[in-house]
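Asks: Heads up: the sequence shown begins at -3 in my numbering, then just goes up one per residue. After the structure tokens below, expect a handful of questions from me.
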Amino acid sequence: MTIQTAPASATDIYRNQSVEGTVDRFQRLFNTMCAGNVGNLDDVYGSDVQFIDPFGEVDGIVGLRAYFEKVYSNVSSCHFEFSDTVFNGNQACVTWTMYLKHPRLRRGREVTVAGMSHLQVSEGRVRYHRDYFDAGELLYQNLPLLGTVIRWIRKFAS
């Protein structure tokens, strides 16, 4: 008796269980981080991690911890809605929407930003993390005076 199965999709062929588990931990970490608690980064990141986002670049877990402590220091609340994840060998691209409240942005009202994280994993830890998002959507257009100007420019340009 022969059992026929459907061919695996390209996504399934290149999936790696270690990477999937790391992405799960990554998502949980980012939904528990807050002011005064950047979580246990060592559960997700390797000591030699390289992190890049539109605001800067950090090397090493010590630098990453300091970066997140600074970024989250005045955040009222922040959570992520993770959507699609694409796996390819030891890499994953995770799309997300961030919901952020910060007293200096939009007078403390929630800011919503869409983005994506590119992760490279080795031995169950993230070694490379690059975030892609519109810095203007997050920060510049939500500042009191500058935001008004940027929103006007965007409206004028479209």
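Cβ coordinates follow ideal geometry from the N, Cα and C atoms, glycine included. These numbers were taken from a predicted model, which means no experiment stands behind them.
Please classify A31: does DSSP put it in a helix, a strand, or coil?
Replies: Of the three classes helix, strand and coil, the one that applies to A31 here is coil, per DSSP.
Asks: Quick check: the segment 111 to 122 against the segment 60 to 74, are there 3 or more CB pairs under 8 Å?
Replies: As far as the Cβ criterion goes, the segment 111 to 122 does not touch the segment 60 to 74, which means the pair count is below three.
Asks: Using CA atoms only, rank isn't needed, just tell me which of Q13, N86, Y95, V19 is closest to F76.
Replies: The shortest Cα separation from F76 among Q13, N86, Y95, V19 belongs to Y95.
Asks: Considering only DSSP beta bridges, list what S118 is partnered with.
Replies: S118 pairs with R121.
Asks: Helix, strand or coil for F83? Go by DSSP, reduced to three states.
Replies: In the structure shown, F83 sits in a strand (DSSP, three-state: E or B).
Asks: Let's test the definition: count the other Cβ atoms within 10 Å of the Cβ of T108 and tell me whether it reaches 16, buried, or not, exposed.
Replies: The residue in question, T108, is exposed, as its Cβ has fewer than 16 Cβ neighbours within 10 Å.
Asks: Residues in the same chain with beta-carbon distance under 7 Å from D8, minus the five sequence neighbours each way, listed in chain order, please.
Replies: Note that D8 has pLDDT 45, beneath the 50 cutoff, so the model's placement of it is unreliable and no number is given.
Asks: What would DSSP say about D130, mapped onto helix, strand or coil?
Replies: Correct three-state label for D130: coil.
Asks: Kindly give me the distance between the Cβ atoms of T18 and V82, rounded to whole angstroms, as I take these residues to be in contact under 8 Å.
Replies: About 14 Å; that fails the 8 Å criterion.
Asks: Report buried or exposed for V117, applying the criterion of at least 16 other Cβ atoms within 10 angstroms of its Cβ.
Replies: The residue is buried, with at least 16 neighbouring Cβ atoms inside 10 Å.
Asks: Do the CB positions of D44 and G56 come within less than 9 Å of each other?
Replies: Yes, the Cβ-Cβ distance between D44 and G56 is below 9 Å.
Asks: Under the three-state reduction of DSSP, which class applies to V90: helix, strand or coil?
Replies: Note: V90 maps to strand in three-state DSSP.
Asks: If you count every other CB in all the chains shown that lies within 10 Å of the CB of S34, and 16 or more means buried, which is it?
Replies: It is Val, not Ser, that sits at residue 34 in the sequence shown. It counts as buried.
Asks: Am I right that R21 and D39 are in contact with their C-beta atoms under 8 Å? What's the rounded C-beta distance?
Replies: Between D39 and R21 the Cβ distance is about 6 Å, and since that is below 8 Å, they are a contact.
Asks: Would you mind reading off the limits of the beta strand (DSSP E) that contains D38?
Replies: No beta strand (DSSP E) contains D38, which DSSP labels as neither H nor E.
Asks: Round the Cβ separation of S69 and G104 to the nearest angstrom and send it over; I've been treating them as touching at under 8 Å.
Replies: No, S69 and G104 are not in contact; Cβ-Cβ is about 15 Å, not under 8 Å.
Asks: Looking only at DSSP bridge pairs, what is G97 linked to?
Replies: Looking at the sequence provided, one finds Lys at residue 97 rather than Gly. DSSP output for K97 lists S73 as bridge partner(s).
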